[in-house]
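Student:
In our numbering, the protein residues as written are 753 to 1470.
1) Report the rounded CA-to-CA distance for residue 1103 versus residue 1151, giving the unit in angstroms.
2) Name the residue from 1238, 1240, 1239 and 1221 whose alpha carbon lies nearest to the alpha carbon of residue 1231.
3) For the stretch 1411-1418 against the stretch 1370-1382, do three or more pairs of beta-carbon atoms, one drawn from each stretch, fall closer than 8 Å, so that the two count as touching?
4) Can at least three beta-carbon pairs, one atom from the stretch 1191-1211 and one from the stretch 1262-1275, be found at a separation below 8 Å?
5) If residue 938 and residue 886 are in contact, beta carbons under 8 Å, what's the gap, nearest whole angstrom?
6) Measuring CB to CB, does residue 823 end up less than 9 Å from residue 1158?
7) DSSP three-state call for residue 1094: helix, strand or coil?
8) Work out the CA separation of residue 904 and residue 940 for me, nearest whole Å.
9) Would you please state the rounded distance, in angstroms, between the beta carbons of residue 1189 and residue 1403? I believe it to be under 8 Å.
10) List the endpoints of the continuous beta strand (DSSP E) containing residue 1331.
11) Measure the C-alpha to C-alpha separation of residue 979 and residue 1022 and round it to an integer number of angstroms.
12) For residue 735, which of helix, strand or coil comes out of DSSP?
13) Would you please state the rounded distance, in angstroms, between the beta carbons of residue 1042 and residue 991? I believe it to be under 8 Å.
14) When we look at the beta-carbon of residue 1243 and count the other beta-carbons within 10 Å, is it buried (16 or more) or exposed?
15) Are the stretch 999-1007 and the stretch 967-974 in contact at 8 Å, needing three or more beta carbon pairs?
16) Run the CB neighbour count on residue 1113, radius 10 Å, all protein chains shown included, and call it buried at 16 or more, exposed below.
17) Would you call the CB atoms of residue 1187 and residue 1019 closer than 9 Å?
18) Could you give the DSSP three-state label for residue 1064: helix, strand or coil?
19) With a threshold of 8 Å, are at least 3 pairs of Cβ atoms found where one atom belongs to the stretch 1429-1439 and the other to the stretch 1326-1338?
20) Secondary structure at residue 1471, three-state DSSP: helix, strand or coil?
21) Between the C-alpha atoms of residue 812 and residue 1184, what's the straight-line distance to the nearest angstrom?
22) Do you know offhand how far residue 801's Cα is from residue 835's?
23) So is the beta-carbon of residue 967 under 8 Å away from any non-hydrogen atom of the ligand GTP?
24) How would you write the range of the beta strand (DSSP E) that residue 1254 sits in, first residue to last?
25) Assuming residue 1387 and residue 1445 make a contact with CB atoms under 8 Å, what is their CB distance in whole Å?
26) Would you decide whether residue 1289 is buried or exposed? Buried here means 16 or more other CB atoms lie within 10 Å of its CB.
27) Assess contact between the stretch 863-871 and the stretch 911-920, defined as three or more Cβ pairs (one per stretch) separated by less than 8 Å. Is contact present?
28) In chain order, what are the residue ranges of uninterrupted beta strand (DSSP E) at least 3 long that sit wholly in the stretch 1167-1193?
29) State the Cα-Cα distance for the pair residue 797 and residue 851, rounded to the nearest angstrom.
30) Distance, Cα to Cα, residue 1250 vs residue 1076?
31) Starting from residue 834, follow the alpha helix (DSSP H) in both directions and report where the run begins and ends.
32) Residues in its own chain within less than 6 Å of residue 825 by CB, not counting five upstream and five downstream?
33) By the 10 Å Cβ neighbour count, where 16 or more other Cβ atoms means buried, how is residue 1095 classified, buried or exposed?
34) Runs of 4 residues minimum, wholly inside the stretch 1198-1264: which ones carry the alpha helix (DSSP H) assignment?
35) For residue 1246 and residue 1323, what's the separation of their Cα atoms in angstroms?
36) Which class does residue 759 belong to by DSSP, given the choice of helix, strand or coil?
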């Protein structure tokens, strides 16, 4: 597979609108709910912008013009696997190229919310099946036989009675002249040859032999390199700087003050430009900066949570969802559960540090790098510079991890400002320390959960959350509840818990926050599923049976059946702790059971993790298992090992020596199971994370009778 960036104009030129290739795309007519398929010739004639493409050349090669990023989640494999299935081609004959950022042409390009497959698989299947039928129709016409006597296989159209065949490349000219057929019939899942199969990822060889181009690999003629010493207190200003020692570093070419936007504020720093990354980093180390940190709050972690808890104790917050009368029942109950849960700020800590290349010219700007939302970057920078959007070109490379961080707009903006200043292309590289201390972060959150158990049943439940709302950073209304207040909580609960409410207690700090893998479900899930466990204990019921009682829909029941089966839940032994949690986000539900026990030295250890994912229609089970395993590892670190803390406005963590990651020896066996059903596709990359922390702490309670309501906690001290 190749990963070159192709503009629409060049793609059309390469596709050959003179009829030397079959090129199909889909688009959304105004006010239409469903997309329509059209060939490139017809699209050009009607002045239609298509937002996805399949192109088949005269040599039979298939090219996909992909509008989303590949950051390790596996779309680089899954998308071609979908295309190859309905198109009936060998996977090795499918190439994928990254599209440039342009929301007007491609729709949303944000790679987030586990949306790449669930948001496009139906269109991709339809697009591929349309191309296959057009090729079959072209072959039938050449043979002068009925279409029903022909079928496609491995990039060929075969005439069943005679065995004659054409390869796709021999048919594209004729096929490109046909009208796109309507009412395409897709394969049944039972007929799939590729989808649903654990095929090896096509990007693995590229990433092991060095052929894959990540942001740090990209080079441009005449490109310079830069690092930036940024104010460590996030909102401070540059008072003065001494660059005498910096300019003595061989290779350093320039030093100057630079600003970048961070949501609704700016961050100042001093840029060091050099002829190599190494020289830029050494020049940065030699730099001496005096900061002006007056006029704003210097935050402390303890103060943040103290204020959150005070707000939860005194304020009702903005109602997100309410049914029945939970307030009245709780107020009049003789006994209530009333507890606080707390989760920490977290860094994204992608293995590939933040980096970006910008080349500012008088009449245009071009960007290259690991970018999760190229359309956002295009729109944002066009406004900042006063350029038409079509003069801002944003090119995606492979991403060495994203988790939400690389959908942020600060680093492309900073690179642009530096390029504009020096009049040359520049690659700005963040060090690990820059990444750790500058953010943005997953927000630290606090939750107040209240509930009443009457006669062994849930009578009322009330949840309130206090933490930073990403929507507010992005111009959202501050008198509207966070739209993710109930994220992570299973929708079927609302059918059986008659008195329940969710509220958002608005809370702000100057700390920049951004989506983090599974977004609010990663913190909500801990609070909500921990509390469900506490309610089960109060009711005197088995935790999994208790959830089964309130999750009565068929999919949930089958999920619980599977979890009981694989984990051996009903055969639990003494001196073993079992905890369960079930969470939902991005249209997928994941149940996890964690088993713990005590080692000979008395310390608690994790023995096993079982995860069952219901993501509906899916592509590649190996990718799903890898994503769930990675989610468990990431959740383990966030629950028991690392957190971001603040003291006097400064972040206290700098690198992996004080923001430690789980090691191989920390990882228990993880078994992942996938539910089979005909439901629409859900997300895969993120939903495996939220259930782990509550399943773990619930298991520890089962073993030790100790409730853990604050993360992270030290396993050695349990």
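All C-beta atoms in this analysis are idealised placements derived from N, C-alpha and C, irrespective of residue type, glycine included.
Tutor: Checking against the coordinates, here is how it stands:
1) 9 Å
2) 1221
3) no
4) yes
5) 15 Å between Cβ atoms; not a contact.
6) yes
7) strand
8) 16 Å
9) 4 Å
10) 1329-1337
11) 8 Å
12) Residue 735 is absent from the structure shown; the chain starts at 753 and stops at 1470.
13) 4 Å
14) exposed
15) no
16) exposed
17) no
18) helix
19) yes
20) Examination of residue 1471 is not possible in this model, given that the chain is present from 753 through 1470 alone.
21) 45 Å
22) Annotation note: pLDDT 49 at residue 801 (below 50); position unreliable, no value reported.
23) Absent from the structure shown: the ligand GTP. Ligands present: none.
24) 1252-1258
25) 6 Å
26) buried
27) no
28) 1178-1181
29) Caution applies to residue 797, whose pLDDT of 45 falls short of 50 and renders its modelled position unreliable; the model cannot decide the point.
30) 6 Å
31) 827-839
32) 1437
33) buried
34) 1222-1225 and 1245-1248
35) 30 Å
36) Any reading at residue 759 is ruled out, since the residue's pLDDT is 43, under 50, leaving its predicted position unreliable.
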